[in-house]
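**Q**
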Amino acid sequence: MSEVIKTYCCPICKKVFTDTKYRPFCSKRCADIDLGNWFNEAYRFEAEEIDEQDLEELAKLPEQPEE
1 MSEVIKTYCC
11 PICKKVFTDT
21 KYRPFCSKRC
31 ADIDLGNWFN
41 EAYRFEAEEI
51 DEQDLEELAK
61 LPEQPEE
């Protein structure tokens with residue numbers, strides 16, 4: 001019976017590769033490029049603007065005890 005070889009696509013360089021220790025990246029170079037993108041704030045999370053009314057509602061909530 002033949003073994004199925006799973007392939008992946010590197011999100012940085014788009015190279016198709018089989019499993020590596022740097023997965024989901026094809027190489028250390030691509031992993032380092034991705035890390036640099038995070039450090040340089042090239043990636044962003046979408047967030048909603050908080051308005052004054054939202055802040056007032058949050059202030060009314062009881063504080064949660066620290067665990």
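Numbering (UniProt numbering), first residue to last: 1 to 67.
Beta carbons: idealized from backbone N, C-alpha and C, even for Gly.
Predicted model only: the values in this text are computed from it and were never measured.
Identify the continuous alpha helix (DSSP H) that holds CYS13 and give its terminal residues.
**A** Segment: none, CYS13 is in no alpha helix (DSSP H) and carries neither H nor E.
**Q** Assuming CYS9 and CYS30 form a contact by the criterion Cβ under 8 Å, report the distance between their Cβ atoms to the nearest whole angstrom.
**A** Between CYS30 and CYS9 the Cβ distance is about 11 Å, and since that is not below 8 Å, they are no contact.
**Q** In whole angstroms, what separates the C-alpha of TYR43 from that of PHE25?
**A** 17 Å
**Q** Just the C-alpha distance for ILE33 and PRO62, rounded to the nearest angstrom, thanks.
**A** 43 Å
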